[in-house]
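Below is one structure, written out as structure tokens; comments come after it.
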Amino acid sequence: GAVVSQHPSRVICKSGTSVKIECRSLDFQATTMFWYRQFPKKSLMLMATSNEGSKATYEQGVEKDKFLINHASLTLSTLTVTSAHPEDSSFYICSANLVSFGTQYFGPGTRLLVL
Amino acid sequence: GESVGLHLPTLSVQEGDNSIINCAYSNSASDYFIWYKQESGKGPQFIIDIRSNMDKRQGQRVTVLLNKTVKHLSLQIAATQPGDSAVYFCAENMGTSGTYKYIFGTGTRLKVLA
Chain A
32 GAVVSQHPSR
42 VICKSGTSVK
52 IECRSLDFQA
62 TTMFWYRQFP
72 KKSLMLMATS
82 NEGSKATYEQ
92 GVEKDKFLIN
102 HASLTLSTLT
112 VTSAHPEDSS
122 FYICSANLVS
132 FGTQYFGPGT
142 RLLVL
Chain B
11 GESVGLHLPT
21 LSVQEGDNSI
31 INCAYSNSAS
41 DYFIWYKQES
51 GKGPQFIIDI
61 RSNMDKRQGQ
71 RVTVLLNKTV
81 KHLSLQIAAT
91 QPGDSAVYFC
101 AENMGTSGTY
111 KYIFGTGTRL
121 KVLA
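Rendered as structure tokens:
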């Protein structure tokens, strides 16, 4: 149980285009999901907390208009990188809590390369 | 500010030996901690957790120790195997914050030598 999936696993796009990444909790409902960004050989940096049915809460320094988050259902959150630039290239990982307070389970990550 | 810190080291351990990975946290209000393992190109994988009302918890080949006095967390891996090679992160959660978000340490790379 507690499986989280992400799609796509890898994406290459041209500068200026938008990319959508999906995060799904496969066998449980997640009222809260989280989006992280990870640079090579670095730790996970929390970008935002995604709440089902409400606006996401962004961490300081994360542009909400750049990284659009939608949590339309209890099993799906999406992250859209708008007008992507090469500096947006990174490993994006989502996670979900099995219960409101508890263990956080991670997706396999999405590697984004912006040319 | 609040932080879970690890000076990112690389720990090299001989296969079969025990590994000890350390983590210091700065938020004394944190009450839940998790160790994650991350292999290259993959998402973090849950290893073991511990709540602040405990000082030790054991799993299969892994033990987590929590010392709240000095705000220190450690992960012990017994009989380290090649498959244990990965980056290990500690994460703290301050549940009382209401957001249930986690703060991650910088990570330790474990290399298992054959």
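Chains as they are written, first to last, in my numbering: chain A, 32 to 146; chain B, 11 to 124.
We put the beta carbon where it would ideally sit given N, CA and C, even for glycine.
Which of helix, strand or coil DSSP assigns to residue i
i, result
"Leu16 (chain B)", "Its pLDDT being 43, under 50, Leu16 (chain B) is placed unreliably in this model, and the value from its coordinates should be taken loosely. Leu16 (chain B): coil per DSSP, three-state reduction."
"Lys121 (chain B)", "strand"
"Asp59 (chain B)", "strand"
"Glu25 (chain B)", "coil"
"Glu118 (chain A)", "helix"
Other residues of its chain near residue i: CB distance less than 6 Å, five sequence neighbours each side excluded
i, result
"Leu75 (chain B)", "Lys66 and Ser84"
"Ile43 (chain A)", "Leu144"
"Phe122 (chain A)", "Gln69, Gly140 and Arg142"
"Asp119 (chain A)", "Val112 and Val145"
"His82 (chain B)", "Ala34"
"Glu83 (chain A)", "Thr62, His102 and Leu105"
Opposing strand residues paired with residue i [DSSP bridges]
i, result
"Met64 (chain A)", "A:Ser81 and A:Ala127"
"His38 (chain A)", "A:Glu53"
"Phe99 (chain B)", "B:Tyr46"
"Ser104 (chain A)", "A:Leu107"
"Arg67 (chain B)", "B:Val74"
"Gln91 (chain A)", "In DSSP, Gln91 (chain A) forms no bridge with anything."
Sequence-distant residues of its chain with Cβ nearer than 7 Å to residue i (five each side left out)
i, result
"Ile58 (chain B)", "Trp45, Arg67, Gly69, Val72 and Val74"
"Arg61 (chain B)", "Asp41 and Tyr42"
"Gln91 (chain B)", "Glu25 and Val122"
"Ile124 (chain A)", "Tyr67, Gln69, Leu75, Phe137, Gly138 and Gly140"
"Thr80 (chain A)", "Thr63, Phe65, Ala87 and Thr88"
From the options, residue whose alpha carbon lies closest to that of residue i
i, options, result
"Ser114 (chain A)", "A:Leu99, A:Tyr123 and A:Leu105", "A:Leu99"
"Val80 (chain B)", "B:Thr118, B:Ser50, B:Asn37 and B:Leu120", "B:Asn37"
"Lys121 (chain B)", "B:Ile31, B:Pro19, B:Ser95 and B:Phe114", "B:Ser95"
"Leu129 (chain A)", "A:Met64, A:Pro71, A:Val50 and A:Glu90", "A:Met64"
"Phe114 (chain B)", "B:Glu49, B:Val23, B:Ser50 and B:Cys33", "B:Cys33"
"His116 (chain A)", "A:Val93, A:Ser46 and A:Glu94", "A:Ser46"
"Ala89 (chain B)", "B:Ala124, B:Tyr98 and B:Asn28", "B:Asn28"
"Ser49 (chain A)", "A:Ala127, A:Asp96 and A:Leu77", "A:Asp96"
Check: residue i C-beta below 7 Å from any heavy atom of the ligand ADP
i, result
"Phe114 (chain B)", "Because no ligand of any kind appears in the structure shown, any question about the ligand ADP cannot be addressed here."
| request: Assess, as a yes-or-no matter, whether the segment 50 to 57 of chain B is touched by the segment 133 to 145 of chain A under the definition of 3 or more beta carbon pairs within less than 8 Å. | output: yes
| Quick one: any contact between the segment 49 to 61 of chain A and the segment 102 to 112 of chain A, if contact means 3 or more CB pairs under 8 Å? | Pairwise C-beta distances place the segment 49 to 61 of chain A in contact with the segment 102 to 112 of chain A, as three or more of them are shorter than 8 Å.
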